[in-house]
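For the protein sequence lines, the chains are A and B, in the order given. Using the working numbering, the first residue of the first sequence is number 41, and each one after it goes up by one. Using the working numbering, the first residue of the second sequence is number 123, and each one after it goes up by one. Cβ coordinates follow ideal geometry from the N, Cα and C atoms, glycine included. What follows is a short report on a single structure.
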Amino acid sequence: AQRVTQPEKLLSVFKGAPVELKCNYSYSGSPELFWYVQYSRQRLQLLLRHISRESIKGFTADLNKGETSFHLKKPFAQEEDSAMYYCARSYNTDKLIFGTGTRLQVFP
Amino acid sequence: DVKVTQSSRYLVKRTGEKVFLECVQDMDHENMFWYRQDPGLGLRLIYFSYDVKMKEKGDIPEGYSVSREKKERFSLILESASTNQTSMYLCASSLLGDGYGYTFGSGTRLTVV
Chain A
41 AQRVTQPEKL
51 LSVFKGAPVE
61 LKCNYSYSGS
71 PELFWYVQYS
81 RQRLQLLLRH
91 ISRESIKGFT
101 ADLNKGETSF
111 HLKKPFAQEE
121 DSAMYYCARS
131 YNTDKLIFGT
141 GTRLQVFP
Chain B
123 DVKVTQSSRY
133 LVKRTGEKVF
143 LECVQDMDHE
153 NMFWYRQDPG
163 LGLRLIYFSY
173 DVKMKEKGDI
183 PEGYSVSREK
193 KERFSLILES
203 ASTNQTSMYL
213 CASSLLGDGY
223 GYTFGSGTRL
233 TVV
């Protein structure tokens with residue numbers, strides 16, 4: 041079965057510290073990988089996808105096929121980054137499987 | 123600016139009731155999805171539809187059914203609500219073929235008592 045693993049339920053850092061949210065996925069074919077974010081009282085929204093190879097709000101994520109990982113990184117965390125983050129991979133046609141999510145808390 | 127609308131933000135229903143959760147999107151998307159979101163379990167797919175009157179079971183379809191009579195509307199039906207269906211329900215839509223950039227609704231928090 042396809043699987044996405046986010047080992048940390050909660051990650052707490054201070055403002056200005058580096059952040060890395062871990063994501064590992066089950067290997068099958070050539071999946072697309074995504075990060076979605078849900079800020080407090082807002083709807084879940086797409087943060088970035090690996091095929092775009094872009095940086096959004098200072099976040100980047102590199103697909104490592106050897107380690108089947110897609111960790112989300114930001115060099116200097118901001119308080120407004122506090123949110124729930126979900127990693128997701130594609131499977132079949134147009135479907136995504138999501139990880140269990142990591143709550144990021146950034147303290148002032 | 124709202125693109126995926128879920129009719130209720132909060133809903134409280136009694137055990138055994140038939141419950142309808144409505145979702146409407148105005149982006150002309152072919153794909154529509156229903157997920158439930160639970161702490162520690164993430165998002166789990168209940169049902170998926172890629173066209174009018176077409177539906178496909180997700181990972182946890184038991185106790186649920188869906189209806190898609192019009193392209194813009196996708197309804198989730200709890201035939202006989204139970205307490206273990208207390209959850210946050212999220213609707214999403216996406217374009218066929220470019221299907222991974224989901225647009226989510228704001229969610230319906232359902233409590234079954």
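Item                                                                                                                       : Value
THR142 of chain A to LEU50 of chain A span [Cα, whole Å]                                                                   : 5 Å
Residues that DSSP places opposite TYR132 of chain B in a beta bridge                                                      : B:ARG231
Contact with chain B by TYR126 of chain A, beta-carbon distance below 8 Å                                                  : yes
Endpoints, the beta strand (DSSP E) within which LYS113 of chain A is located                                              : 112-114
Own chain partners of TYR132 of chain B with C-beta closer than 7 Å, once the 5 adjacent residues on each side are dropped : ARG231
Selected residue, minimal CA-CA separation from THR127 of chain B, among A:LEU84, A:VAL53, A:CYS127                        : A:LEU84
For ILE91 of chain A, three-class secondary structure by DSSP                                                              : helix
Separation of VAL146 of chain B from ASN64 of chain A, as counted between CA atoms                                         : 33 Å
Touch test, the region 113-130 of chain A against the region 96-103 of chain A, Cβ-Cβ under 8 Å, three pairs minimum       : yes
9 Å Cβ cut-off: residues of chain A touching LEU198 of chain B                                                             : Those do not exist, as LEU198 of chain B stays about 17 Å from chain A at its closest Cβ, beyond 9 Å.
Anticipated Cβ contact below 8 Å, LEU212 of chain B with PHE226 of chain B, distance rounded                               : 6 Å
Residue ranges of each beta strand (DSSP E) within the region 133-177 of chain B, 3 or longer                              : 141-147, 153-160, 164-173
Cβ-based burial, SER68 of chain A [other Cβ within 10 Å; buried from 16]                                                   : exposed
Chain A within 8 Å of LEU165 of chain B, Cβ atoms only                                                                     : yes
Min CB distance PHE142 of chain B to chain A below 8 Å                                                                     : no
Alpha-carbon to alpha-carbon, PHE147 of chain A and SER80 of chain A                                                       : 15 Å
Proximal residues, the region 201-232 of chain B versus chain A, C-beta separation under 9 Å                               : LEU212, ALA214, SER216, LEU217, LEU218, GLY219, ASP220, GLY221, TYR222, GLY223, TYR224, THR225, PHE226, GLY227, SER228, GLY229
Chain A within 8 Å of TYR172 of chain B, Cβ atoms only                                                                     : yes
Straight-line Cα distance separating GLU94 of chain A from GLY138 of chain B                                               : 48 Å
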